[in-house]
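Colleague: Below you'll find the structure I mean.
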């Protein structure tokens, strides 16, 4: 049986509460077989905001991102991107919405038969046929410079480290200049120094591009660094949503335990 | 007893569910294939993968079949006093029956397993999800070119197998009893009409559809890591070969009715 909590909302940010959300998740439910993963999640993210979704392993954080980008379909509830409900959209219709979204997978999901440069160029090759080859190459180089991978254009994904793969994955996610960026455990499996570098990179990109970002992580330190707001999930529900200070001041036992163990 | 009944009904459900999902998959691929943008570059790449890279295998298999049929035909026909029918029997055996089937089975083994394993590997490493998340239709860029390449290349590979089989069949015969190649071809194709051979060659487009569709479906619906990849490759070959042979039963009857 799911445990219900009162969800304290962010106080003192009236301009954000009045902004139209670019991503609106309402009462999402998702099960895999008999296992209920999400049990009525509701979240809103506005333009320029970064929301970190925290929780223990297996609480449905990655499933939430996959539902937002339409790689999974919910059992009930809705996901609205820029006001449009994505439920029931055909793959090509969903494609038009996805052009404005970038997704960084937990293990980068680079195309292993393509070089680093070809991976980053892949969305451009298919969606920017108006670009000449040299324009595309310049754009790829610029993206790889932004993520600090400019010296690895011709390398294959198997030839670079996990952290470098994530950087390339991030460059690929940014190729079409998205309004919404979804990051699934961007620092998972990385050493502390590499994690810090990825966090710094995400912060830099947020400052420059003003995207709405949703970051799924179990790394509280990373979440504190890069996010304006945090949402803590447990048993398929949002336990608390607010700033890090809101979490610290919470009296909810699970929140205290999560902060203590992180 | 209840367990046995439940198990049987579960298997039957799974059987129909597989066909249903395959049908839905085919519909998605068909829709993606006929709507722009068209992936011509990927199609050309797949034509090379399926066609030119299967050439040596198909050539060798055709040659082997030609020799086997030549040896068997000579022995059987000599027994029944019909040695003069050797050329005709070899030509009809290779071109109408063995050439298409052997080509289909060889391509199912090589190409079906390759496509199944490649797409399964992409599926378990989330590369297909990454393609979809990049707003690119995976049915259009992955499945459609591969299936189309199989459909287009199978008839051409069949012709290769036929030519190789006839050439080696003649060669095996000539080693025992000299027969000029010209004489062999003239007597083999004497009284032959185009509809004696063309339908049998072009029925292999259906083989190509079966091989490509099953391999792409099994690959793109894989679950379960490395074990899933192996299972997808195996199922692609086994089911592709099985349905190829079963479809031949229907196709042969259809050809006999439409082209009497």
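Residue numbers (this note's numbering), protein chains in the order written: chain A, 394 to 655; chain B, -10 to 249. In this text, a Cβ means the ideal position worked out from N, Cα and C, and glycines have one as well.
#1: Let me know if residue 408 of chain A comes out buried or exposed under the rule of 16 or more other beta-carbons within 10 Å of its beta-carbon.
#2: DSSP three-state label for residue 474 of chain A, please.
#3: The beta strand (DSSP E) spanning residue 638 of chain A covers which residue range?
#4: Residues of chain A with CB under 7 Å from residue 53 of chain B, in chain order?
#5: Using beta carbons (cut-off 8 Å, strictly below), is residue 125 of chain B in contact with chain A?
#6: Where do the N-terminal and C-terminal ends of the alpha helix (DSSP H) with residue 607 of chain A fall, by residue?
#7: Please report the residue range of the beta strand (DSSP E) in which residue 349 of chain A lies.
#8: Can you give me the C-alpha to C-alpha distance between residue 232 of chain B and residue 199 of chain B, rounded to a whole angstrom?
#9: Can you confirm whether residue 620 of chain A, when its beta carbon is compared against all beta carbons of chain B, has any partner nearer than 8 Å?
#10: Considering only the alpha carbon of each residue, which of B:47, B:132, B:16 and B:41 lies closest to residue 153 of chain B?
#11: Relative to the alpha-carbon of residue 606 of chain A, which residue among A:477, A:548, A:429 and A:437 has its alpha-carbon at the smallest distance?
#12: Considering only C-alpha positions, which residue in the set A:528, A:492 and A:434 is nearest to residue 471 of chain A?
#13: To the nearest angstrom, how far is the alpha carbon of residue 633 of chain A from that of residue 648 of chain A?
#14: Show which residues of chain A have a CB atom less than 8 Å away from the CB atom of residue 116 of chain B.
#15: Hey, which unbroken runs of the alpha helix (DSSP H) at 4 residues or more fall wholly within the region 134 to 194 of chain B?
#16: For the alpha helix (DSSP H) containing residue 423 of chain A, list its first residue and its last residue.
#17: For the region 75 to 104 of chain B, which segments carrying the beta strand (DSSP E) assignment without a break, of at least 3 residues, lie completely within its bounds, in sequence order?
#18: Exposed or buried, residue 396 of chain A, counting other C-beta atoms within 10 Å across all chains shown (16 or more means buried)?
#19: Going along the region 483 to 498 of chain A in order, which residues come within less than 9 Å of chain B, judged by CB to CB distance?
#20: From A:417, A:622 and A:547, pick the residue whose C-alpha is nearest to that of residue 480 of chain A; which is it?
#21: Would you identify the three-state DSSP class for residue 496 of chain A, choosing helix, strand or coil?
#22: Which residues share a DSSP beta bridge with residue 469 of chain A?
#23: Is the Cβ of residue 31 of chain B closer than 8 Å to any Cβ of chain A?
#24: Comparing C-alpha positions only, which one of B:160, B:161, B:229 and B:235 sits nearest to residue 104 of chain B?
#25: Any heavy atom of the ligand COA closer than 7 Å to the beta-carbon of residue 157 of chain B?
#26: Decide if residue 212 of chain B is buried, meaning its Cβ has at least 16 other Cβ atoms within 10 Å, or exposed.
#27: Can you check DSSP and say which residues form a bridge with residue 436 of chain A?
#28: Given a threshold of 16 other Cβ atoms within 10 Å of its Cβ, counted over all protein chains shown, does residue 653 of chain A qualify as buried or as exposed?
#29: Less than 8 Å between the beta carbons of residue 462 of chain A and residue 498 of chain A, yes or no?
#30: What does DSSP give as the partner residue(s) for residue 428 of chain A in the beta ladder?
#31: Consult DSSP for residue 223 of chain B and reduce its assignment to one of helix, strand or coil.
#32: Looking at the structure shown, is residue 523 of chain A part of a helix, part of a strand, or coil, going by DSSP?
#33: What residues of chain A sit near residue 121 of chain B, judged by a beta carbon separation below 9 Å?
#34: Please state whether the Cβ-Cβ distance between residue 130 of chain B and residue 120 of chain B is less than 8 Å.
#35: Counting C-beta neighbours from all protein chains within 10 Å, is the total for residue 111 of chain B 16 or more, i.e. buried, or is it exposed?
#36: If you drop the 5 nearest sequence neighbours on each side, which residues of the same chain put their C-beta closer than 7 Å to that of residue 80 of chain B?
Modeller: Well, looking at it:
#1: Any reading at residue 408 of chain A is ruled out, since the residue's pLDDT is 39, under 50, leaving its predicted position unreliable.
#2: Here residue 474 of chain A sits in strand by DSSP.
#3: In this chain, residue 638 of chain A is not harboured by any beta strand (DSSP E); it is covered by the alpha helix (DSSP H) spanning 637 to 641.
#4: Within chain A, no residue comes near residue 53 of chain B; the closest Cβ sits about 33 Å away, beyond 7 Å.
#5: At a cut-off of 8 Å between beta-carbon atoms, residue 125 of chain B makes contact with chain A.
#6: Taken as a continuous stretch (DSSP letters only), residue 607 of chain A belongs to no alpha helix (DSSP H), being part of the beta strand (DSSP E) at 605 to 609.
#7: As shown, chain A starts at 394 and ends at 655. That puts residue 349 of chain A outside it, with no answer to give.
#8: Take the alpha-carbon of residue 232 of chain B and the one of residue 199 of chain B: they are about 7 Å apart.
#9: No, residue 620 of chain A lies away from the interface with chain B (no Cβ there is under 8 Å from its Cβ).
#10: Closest option to residue 153 of chain B, Cα to Cα, is B:47.
#11: Comparing Cα positions, the closest option is A:437.
#12: Closest option to residue 471 of chain A, judged by alpha-carbon separation, among A:528, A:492 and A:434: A:434.
#13: Going by the C-alpha atoms only, they are around 8 Å apart.
#14: Among the residues of chain A, those whose CB is under 8 Å from the CB of residue 116 of chain B are 502, 503, 504 and 505, following chain order.
#15: As summarised for the region 134 to 194 of chain B, the continuous alpha helix (DSSP H) elements at least 4 residues long and confined to that stretch are 170 to 177 and 183 to 191, given in chain order.
#16: No alpha helix (DSSP H) contains residue 423 of chain A, which is instead part of the beta strand (DSSP E) from 416 to 425.
#17: If we require 3 residues or more, the region 75 to 104 of chain B turns out to have no beta strand (DSSP E) run fully inside it.
#18: Bear in mind that the predicted position of residue 396 of chain A carries a pLDDT of just 32, short of 50, making it unreliable; the figure below should be weighed with that in mind. Burial call: exposed.
#19: If the cut-off is 9 Å between Cβ atoms, the region 483 to 498 of chain A has 483, 484, 485, 487, 488, 489, 490, 491, 492, 493, 494, 495, 496 and 498 near chain B.
#20: Residue A:417 is the option with its Cα nearest to residue 480 of chain A.
#21: Under the three-state reduction of DSSP output, residue 496 of chain A falls in the strand class.
#22: As DSSP reads the structure, residue 469 of chain A sits in a beta bridge with A:422.
#23: No, residue 31 of chain B lies away from the interface with chain A (no Cβ there is under 8 Å from its Cβ).
#24: It is B:229 whose Cα lies nearest to the Cα of residue 104 of chain B.
#25: Of the ligands one can find in the structure shown there are none, so the ligand COA has no counterpart to examine.
#26: Around the Cβ of residue 212 of chain B, a 10 Å sphere holds fewer than 16 other Cβ atoms; the residue is exposed.
#27: BP columns for residue 436 of chain A point to A:418.
#28: By the neighbour-count rule (16 or more Cβ atoms within 10 Å), residue 653 of chain A is not buried but exposed.
#29: Not in contact: residue 462 of chain A and residue 498 of chain A (Cβ atoms no closer than 8 Å).
#30: Residue pairing by DSSP places residue 428 of chain A opposite A:425 in a beta bridge.
#31: Looking at residue 223 of chain B - three-state DSSP - the assignment turns out to be helix.
#32: DSSP places residue 523 of chain A in coil when its eight states are reduced to three.
#33: Those are 462, 463, 464, 484, 487, 488 and 491, listed as they occur along chain A.
#34: Contact flag set, yes.
#35: Burial call: buried.
#36: Within the same chain, residue 80 of chain B has close Cβ partners 155, 177 and 178.
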